[in-house]
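Colleague:
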Amino acid sequence: MGKVLMKGNEVIGESAIKAGCHYFFGYPITPQSELVAYMAKRLPEVGGLFLQAESEVSAINMVYGAASAGVRVMTSSSSPGFSLKQEGISFLAAANLPAVIVNIARGGPGLGNIQPAQSDYFQVTKGGGHGDYYTPVLAPSTLQEIVDLTQEAFRIADQYRTPVILLGDGVLGQMMEPVEFKETSEEMHLFEKDWATTGTVGDGPPKTITSLDLNDVSLEERNRKLQEKYETIKDQEVRVESYKMDDAIYGIVAYGTVARIVKSAVDRAREAGMKVGLIRPISLWPFPSSYIRKLSEQLQLNKLLTVEMSAGQMVEDVRLSVEGIVPVHFYGRNGGVIPTVDEIYQEILKLKYGVMV
Amino acid sequence: MKAVFERTSGLIDRETHYCPGCTHGIIHRLVGEVLEELDALEQTVGVASVGCSVLSYHYFNCDMTQAAHGRAPAVATGLKRVLPKERLIFTYQGDGDLASIGMGEIVHAAARGENITVIFVNNAIYGMTGGQMAPTSLLGQKTATTPEGRAAQTQGLPIRVSEMLATLDGASYIERVSTHDVPHVIKAKKAIKKAFQNQKDEKGFSMVEILSTCPTNWGLNPEESMQWVKDEMVPYYPLGVYKDHSYKGDGV
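For the record, the sequence lines run as chains A and B. FYI, the numbering for the first sequence is 1 to 357, going by our numbering. FYI, the numbering for the second sequence is 358 to 609, going by our numbering.
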């Protein structure tokens, strides 16, 4: 397959279809609406189903129903709409149902605006809804990476029976880049779902999917199993990229759109002779904590700088990762403002020379 | 000895958690009998809601999925749209679940003509949480949140769900029935059967509203409760067929 020029939101849709997701329940919200429209057009062509729900709440519960039936299913939204899905995501997690939920994040809080932002980091990486649960979160930084991670999202969802979040922002959703779609492996589609409620049709006693357990002891046991699953995911599904870190003494931590801009700033700082590199978490949960910690120790990093399009959210995880062995600085823009290469370059210089006049 | 009456295979043989005099038990049995008579148990996936019937998945002898409060019609839509068309999907919802928090989901499922069967149990109160006012509580009805009785000026007026949904072109079959005496129970069963048969015939959205009791939270004994349905509820919620016309035609 050759390369095609596509918009990020559409790339998510096509990648999902190529991953065997033929069911999508959506609701319009900027800046993810192109994904909804793409699925409305494309899914009938592949014998799938697109349905526009009356609300984000209804869409995520349609996903719950479809996931109960054992099919690959997806929904998408942007920050305010994603908040509305949180109850449903908690139910999916508790009922061990696989699904992929896309958040093309925008400026918040409240209605905020429709510009790109990374201020939903807390919400997506710390569970977000009620109860003790986490969802794996994948954060691509290029459209090609959207292709790979969308497919991975469905694999992780099915393998661990969990909702998985694909986190982008308005830049990734709206920009166009050439991408190449790949055929998915056979193993990708071989998840047996003998737990699904599809009607028993001669297949043994009735099955139940529920998140309710009125007995405290058995609910605690159920939650213990959930936590065990999360430990396995933490062990198996960490993804991180490092860029020019081999001899670095300063490390910049950034993900998604911001990581692209940081790469340019790192290149510029390298040209100016600074030993600086980028650590880019790709899985935001599980967070690459031990990777960042080990790298900080091995390289005896002088300072870390976290750059985000938020008032400072991922920086908390970076600080928890290094537990004080390296000072962690923060630079953020928010409200839809995208930090420039020059701004980040100035912040990198500050790491070496202190506050500049 | 010849058996003249047997437990329906539509229900699992276990004790229910319902209070004495509550008609959930009767309604469960009617749904179970209908599914058995239609030979549909293996083809059916039920959706339990939130409220007293949250544990209905312990009783119905078919695959069951438990939905968040009010969202059963959305969950049923997800199931119905992805499973083979022979599968029958039903929701079993109370009035707090369907007519309050889940009003959006039920209205849009009806408007879409979603080919599902909705069993709507209306007992004019929130049972599970301890007897608070429901959107269907009658004027003057004393509840935990209307200790002086429901007053129109402060709590508004009860919602007649069947009448409202019947105005939607997408709804195919809407009937309100009651369980306060044997003749009405028999009528209720006929309505439930029709609501499932409609789904088999692909006629679209079918809902049976069933007037039901809540002796515990009404503060009445079982017999008085039956009488209260007859004397107080039926006049405000008239029984009958509110819609019996499918925009999808007579099915296929």
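Idealized CB from N, CA, C, for every residue including glycine. Quick caveat, the model's predicted, so the values are computed rather than measured.
In angstroms with no decimal places, state the Cα-to-Cα distance between Arg438 (chain B) and Ser68 (chain A).
Modeller: Taking the straight line from one Cα to the other gives about 12 angstroms.
Colleague: At least one CB of chain B closer than 7 angstroms to the CB of Gly199 (chain A): is that the case?
Modeller: Judged by the 7 angstroms Cβ criterion, Gly199 (chain A) is in contact with chain B.
Colleague: Can you list, in chain order, the residues of its chain whose CB lies under 7 angstroms from that of Lys263 (chain A), leaving out five sequence neighbours each side?
Modeller: Counting only Cβ-Cβ distances below 7 angstroms, and skipping sequence neighbours, we find Tyr243 and Leu278.
Colleague: Could you compute how far the alpha carbon of Gly608 (chain B) sits from the alpha carbon of Lys560 (chain B)?
Modeller: Since pLDDT at Gly608 (chain B) reaches only 47, below the 50 mark, its modelled position is unreliable, and the value read off the structure follows with that caveat. For Gly608 (chain B) and Lys560 (chain B), the distance between alpha carbons rounds to 5 angstroms.
Colleague: Chain A beta carbons: is any one of them nearer than 7 angstroms to that of Thr500 (chain B)?
Modeller: Closer than 7 angstroms: no.
Colleague: Do the segment 455 to 467 of chain B and the segment 486 to 506 of chain B make contact, defined as three or more Cβ pairs closer than 8 angstroms?
Modeller: Because the criterion of three Cβ pairs below 8 angstroms is met, the segment 455 to 467 of chain B and the segment 486 to 506 of chain B touch.
Colleague: Is any beta-carbon of chain A found at less than 7 angstroms from that of Glu372 (chain B)?
Modeller: Judged by the 7 angstroms Cβ criterion, Glu372 (chain B) is not in contact with chain A.
Colleague: Return yes when the Cβ of Gly378 (chain B) is within less than 7 angstroms of the Cβ of Ser582 (chain B), no when it is not.
Modeller: Cβ distance < 7 angstroms, so Ser582 (chain B) and Gly378 (chain B) count as in contact.
Colleague: Can you have a look at Lys546 (chain B) and say buried or exposed, based on whether 16 or more other CB atoms are within 10 angstroms of its CB?
Modeller: Under this definition Lys546 (chain B) is a buried residue.
Colleague: Taking the runs of the beta strand (DSSP E) that are 3 residues or longer, which of them lie wholly in the segment 383 to 459 of chain B?
Modeller: Fully enclosed beta strand (DSSP E) runs of 3 or longer: 401 to 405, 420 to 423 and 445 to 451.
Colleague: Note down the Cα distance separating Glu372 (chain B) from Ser410 (chain B), rounded to an integer number of angstroms.
Modeller: Their Cα atoms are separated by approximately 14 angstroms.
Colleague: Would you say Lys85 (chain A) lies against chain B (beta-carbon separation less than 7 angstroms)?
Modeller: It does not: the Cβ of Lys85 (chain A) has no partner Cβ on chain B nearer than 7 angstroms.
Colleague: Could you tell me the alpha carbon to alpha carbon distance between Val357 (chain A) and Gln86 (chain A), rounded to whole angstroms?
Modeller: Confidence at Val357 (chain A) is low in this model, with a pLDDT of 44, below 50, so its placement is unreliable and no value can be given for it.
Colleague: DSSP on Arg333 (chain A), reduced to helix/strand/coil?
Modeller: Residue state, collapsed to three classes: coil.
Colleague: Output yes or no for whether 7 angstroms exceeds the beta carbon distance between Thr75 (chain A) and Phe154 (chain A).
Modeller: Contact: no.
Colleague: Asn479 (chain B) bridges to which residues according to DSSP?
Modeller: DSSP, once it has assigned bridges, lists B:Leu568 as partnering Asn479 (chain B).
Colleague: Should the segment 56 to 65 of chain A be regarded as contacting the segment 431 to 448 of chain B, the criterion being three or more beta carbon pairs within less than 8 angstroms?
Modeller: Counting Cβ pairs under 8 angstroms, three or more are found: they touch.
Colleague: Based on Cα-Cα distance, which residue from A:Ile282, A:Gly88, A:Lys225 and A:Met245 lies nearest to Met274 (chain A)?
Modeller: Out of A:Ile282, A:Gly88, A:Lys225 and A:Met245, A:Met245 has the C-alpha closest to the C-alpha of Met274 (chain A).
Colleague: Measure from the C-beta of Asn61 (chain A) to each C-beta in chain B and report whether the shortest distance is under 7 angstroms.
Modeller: Closer than 7 angstroms to some Cβ of chain B, the Cβ of Asn61 (chain A) qualifies, so yes.
Colleague: Does chain A have any CB closer than 7 angstroms to the CB of Val385 (chain B)?
Modeller: First, the residue type needs correcting, since residue 385 (chain B) is His and not Val in the sequence shown. By this cut-off, His385 (chain B) is not an interface position.
Colleague: Which runs of the beta strand (DSSP E) fall wholly inside the segment 68 to 117 of chain A and span at least 3 residues, in chain order?
Modeller: Segments of the beta strand (DSSP E) lying fully in the segment 68 to 117 of chain A: 73 to 77 and 99 to 105.
Colleague: Any chance the segment 175 to 193 of chain A sits against the segment 119 to 129 of chain A, with 3 or more Cβ pairs inside 8 angstroms?
Modeller: Contact fails: fewer than three Cβ-Cβ distances are below 8 angstroms.
Colleague: Hey, does His381 (chain B) have any beta-carbon neighbour from chain A nearer than 7 angstroms?
Modeller: Output row for His381 (chain B): interface = no.
Colleague: Considering only residues of the segment 302 to 351 of chain A, which uninterrupted beta strand (DSSP E) runs meet the minimum length of 3 residues and lie entirely inside it, listed in chain order?
Modeller: Whole beta strand (DSSP E) segments, 3+ residues: 303 to 308 and 328 to 332.
Colleague: Can you give me the C-alpha to C-alpha distance between Phe50 (chain A) and Ile101 (chain A), rounded to a whole angstrom?
Modeller: Each residue's Cα considered, the two are about 15 angstroms apart.
Colleague: Give the single residue among A:Ser289, A:Ile104, A:Ala139 and A:Val307 whose Cα lies nearest to the Cα of Asp317 (chain A).
Modeller: If we check each option's Cα against that of Asp317 (chain A), A:Ser289 comes out closest.
Colleague: Taking all protein chains shown into account, do 16 or more other C-beta atoms lie within 10 angstroms of the C-beta of Asn334 (chain A), making it buried, or fewer, making it exposed?
Modeller: Buried, by the Cβ-count rule.
Colleague: Which first and last residues belong to the alpha helix (DSSP H) in which Leu295 (chain A) is found?
Modeller: Element bounds for Leu295 (chain A): Ser289 to Gln298.
Colleague: Give me the Cα-Cα distance between Lys3 (chain A) and Glu394 (chain B), rounded to the nearest whole angstrom.
Modeller: When rounded, the distance between both Cα atoms is 57 angstroms.
Colleague: Taking one C-beta from the segment 245 to 256 of chain A and one from the segment 278 to 287 of chain A each time, how about it: are there three or more such pairs within less than 8 angstroms?
Modeller: Touching, yes.
Colleague: Check the Cβ-Cβ distances between Cys409 (chain B) and every residue of chain A, and say whether any is below 7 angstroms.
Modeller: No, Cys409 (chain B) lies away from the interface with chain A (no Cβ there is under 7 angstroms from its Cβ).
Colleague: Taking the alpha-carbon of Thr135 (chain A) as reference, which of A:Ala99, A:Asn113 and A:Leu149 has the nearest alpha-carbon?
Modeller: Comparing Cα positions, the closest option is A:Ala99.
Colleague: Taking the runs of the beta strand (DSSP E) that are 3 residues or longer, which of them lie wholly in the segment 552 to 602 of chain B?
Modeller: Runs of the beta strand (DSSP E) inside the segment 552 to 602 of chain B: 562 to 568 and 597 to 601.
Colleague: For Gly608 (chain B), would you say it is in contact with chain A, using Cβ-to-Cβ distances shorter than 7 angstroms as the test?
Modeller: The predicted position of Gly608 (chain B) is uncertain, since its pLDDT is 47 and thus under 50; a value taken from the coordinates is nonetheless stated next. Output row for Gly608 (chain B): interface = no.
Colleague: Give a yes or no on whether the minimum CB-CB distance between Cys376 (chain B) and chain A is below 7 angstroms.
Modeller: No, Cys376 (chain B) does not count as interfacial toward chain A.
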